[in-house]
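With the first letter of the sequence shown counted as 1, position 201 gets the number 183 in this note's numbering; the numbers rise by one all the way through.
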Amino acid sequence: MTTASAPITQDVLTLPRTLPEGPTNIVGLTRDALRAALIAVGTPEKQAKMRVNQIWQWVYFWGARDFDAMTNLAKDYRALLAQHFTIALPEIVSKQVSMDGTRKYLVRIAGGHEVETVYIPEEDRGTLCISSQVGCTLTCSFCHTGTQKLVRNLTAGEIVGQILLARDDLGEWPNKGEGMGERPRLLSNIVLMGMGEPLYNFDNVRDAMLIAMDGEGISLSRRRITLSTSGVVPEIARCAQEIGCMLAVSFHATTDEVRDKLVPINKRWNIATLLEALRAYPKASNSERITFEYVMLKGVNDSPEDARRLVSLIKGIPAKINLIPFNEWPGSPYQRSDWAQIEKFADIIYKAGYASPIRTPRGEDIMAACGQLKSATERARKSRADIAAEAGLAK
Ligand code: SAH
Ligand code: SF4
């Protein structure tokens, strides 16, 4: 007998109440969590702090993946660690290298989900663009990631894991005997501008960034970490207090009418509310200025009036305005503004006293540029018409 029309139900009582027993991954544990975990497996409390320091340096400074490599720990203790813990990273499924040297990694995380991580080499720095979610629950109409339905938050380990993977691929772990800061860093900056809205995965992003900033390990200064948000206003103050990194905001429009269409979270927290939170950020986080990201969409938000309105809106906020020429993706409902229009826009901003760099698209040939990321296995793409209709662009 078929029961095709019966509702599908799941008896929640049959779901497991606890996680399956198994080794705990060290990657992604905060110092406090690692300390507690070490004590729980029998490390004497008096020694715990020192053990945390030792393991931390092995994992995050030397890039060790095996407890056997931890030669300053007693053999028995290494065996105990191996019994209860792992040092596990997500897996690189594929790597594409652009003609401009940009590297795009497709990274598989637990459950078979995939995210993308992008390494962008520049003359004076190397920036890793990392993902915080699989897909994104928000639906900005110009963003490829926003068309991906599948979503889950990345764990702190999966976020830090992207940094460790990139350092593996770049061959950037120090050699034996080498101290900190002896070589210029290949991976010197982090931007949380990959897939996902980092402020909707706050705790994991915070823990991961605190690990990346820790001076005994990866040791990146908070000024070299930039978190980009679409404008999750209630979390902005927390970001200042609990992470203290640089902030970028996806501004993209100068009226609520247009921003509602481009960045729909604006319907919840509008431009005025967002600006109020941004005004408080530099002081609260002790960071110099906020980056306003502004994607240039032909005929939508790129007029000289927009440029002038932008300048007057952000008056009083220490700011840099990053103009991003729109990066097209299959089915995208917008076009990139003409170059002359972008330059005119930049000029108005510059004359008002703000730095207004035009972000050169990087890795376009491998779909690694801003807003083009979308896991290759997630093919359920909305049609051009659906996207246009949602953005209120349909005729
Ligand atoms: N969710 C966060 C961070 C990821 S997006 C945020 O929205 O800020 C990183 C930046 O790329 C954002 O400024 C985003 O608006 C921009 N972006 C998205 N799609 C784009 C596209 N197709 N072309 C250019 N920039 C895009
Ligand atoms: Fe999400 Fe950012 Fe893309 Fe908007 S721009 S859909 S917030 S990833």
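Ideal Cβ positions, reconstructed from N, Cα and C, are used throughout, including at glycine.
Proximity test, residue 279 beta-carbon vs the ligand SF4 heavy atom, cut-off 7 Å: For the purposes of this step, residue 279 is identified with residue 297 of the sequence shown, where counting begins at 1. No, Cβ of residue 279 sits at least 7 Å from all heavy atoms of the ligand SF4.
Unbroken stretches of the alpha helix (DSSP H), 4 residues or longer, contained in the segment 220 to 251: 238 to 244
Of the listed residues 175, 286, 183, nearest to residue 230 (C-alpha basis): Translated into positions along the sequence shown, residue 230 becomes position 248. Measuring from the Cα of residue 230, the nearest candidate turns out to be 175.
Limits of the beta strand (DSSP E) - the one that residue 423 falls within: The question about residue 423 has no answer here: the residues shown for the chain are numbered -17 through 377.
C-alpha gap between residue 369 and residue 36, whole angstroms: In the sequence shown, the residue the question calls residue 369 occupies position 387. In the sequence shown, the residue the question calls residue 36 occupies position 54. Caution applies to residue 369, whose pLDDT of 47 falls short of 50 and renders its modelled position unreliable; the value that the coordinates give is listed next. In a straight line, the C-alpha of residue 369 is about 51 Å away from that of residue 36.
Residue 155 classed as buried or exposed, judged by whether at least 16 other C-beta atoms fall within 10 angstroms: Position 173 of the sequence shown, counted from the first residue, corresponds to residue 155. That one is exposed.
The segment 87 to 96 in contact with the segment 227 to 246 per 3-pair CB rule at 8 Å: no
Every unbroken beta strand (DSSP E) inside the segment 6 to 93 [3 residues or more]: 73 to 79, 85 to 90
Beta-carbon proximity of residue 43 to residue 199, cut-off 8 Å: Walking along the sequence shown from the start, residue 43 turns up at place 61. Walking along the sequence shown from the start, residue 199 turns up at place 217. Against a cut-off of 8 Å, the Cβ pair of residue 199 and residue 43 comes out as a contact.
Rounded straight-line distance, which links the Cα of residue 105 to that of residue 324: Taking the first residue of the sequence shown as 1, we reach residue 324 at position 342. Taking the first residue of the sequence shown as 1, we reach residue 105 at position 123. Using only the alpha carbons, I get a separation of about 24 Å.
Close-in-space but distant-in-sequence residues of the same chain around residue 77 (CB under 8 Å, 5 per side omitted): Residue 77 sits at position 95 when you count from the first residue of the sequence shown. Cβ within range, chain order: 85, 86, 87, 88, 151.
Inter-residue Cα distance where the pair is residue 306 and residue 70: By one-based count along the sequence shown, residue 306 stands at place 324. By one-based count along the sequence shown, residue 70 stands at place 88. The alpha-carbon atoms of residue 306 and residue 70 are separated by roughly 36 Å.
Whether residue 272 touches residue 120 by CB criterion (8 Å): Here the question's residue 272 lines up with position 290 in the sequence shown. Here the question's residue 120 lines up with position 138 in the sequence shown. The answer is no: Cβ separation not under 8 Å.
Unbroken alpha helix (DSSP H) run spanning residue 194, endpoints: Within the sequence shown, numbered from 1, the residue matching residue 194 stands at position 212. Where residue 194 is concerned, the enclosing alpha helix (DSSP H) stretches over 184 to 195.
For residue 313, the three-state DSSP class (helix, strand or coil): Translated into positions along the sequence shown, residue 313 becomes position 331. In the structure shown, residue 313 sits in coil (DSSP, three-state: anything other than H, G, I, E or B).
Contact set for residue 107: own chain, Cβ-Cβ below 7 Å, skip 5 residues either direction: By one-based count along the sequence shown, residue 107 stands at place 125. Counting only Cβ-Cβ distances below 7 Å, and skipping sequence neighbours, we find 170, 171.
Near the ligand SF4: residue 81 beta-carbon under 7 Å from a heavy atom: Position 99 of the sequence shown, counted from the start, is the residue given in the question as residue 81. No.
Minimum C-alpha distance to residue 228 - residue among 81, 195, 264: As a first step, residue 228 is located in the sequence shown; it is residue number 246 there, counting from the start. Looking at the Cα atoms, 264 is the closest of the given residues.
Proximity winner among 284, 129, 83, relative to residue 311 (alpha-carbon distances): Taking the sequence shown and counting its residues from 1, one reaches residue 311 at position 329. Per the Cα distances, 129.
Residues that DSSP places opposite residue 171 in a beta bridge: In the sequence shown, the residue the question calls residue 171 occupies position 189. Residue 171 is bridged to 109.
Burial state of residue 342 (16 or more Cβ within 10 Å): Residue numbering aside, residue 342 sits at position 360 when the sequence shown is read from its first letter. That one is exposed.
Cβ-Cβ distance between residue 344 and residue 102 below 8 Å: As a working mapping, residue 344 is identified with position 362 in the sequence shown. As a working mapping, residue 102 is identified with position 120 in the sequence shown. Yes, they are a contact pair.
Any 3 or more C-beta pairs closer than 8 Å across the segment 131 to 142 and the segment 188 to 205: yes
Residue 181 Cβ short of 7 Å to the ligand SF4 heavy atom set: Taking the first residue of the sequence shown as 1, we reach residue 181 at position 199. Not so, every heavy atom of the ligand SF4 lies at least 7 Å from the Cβ.
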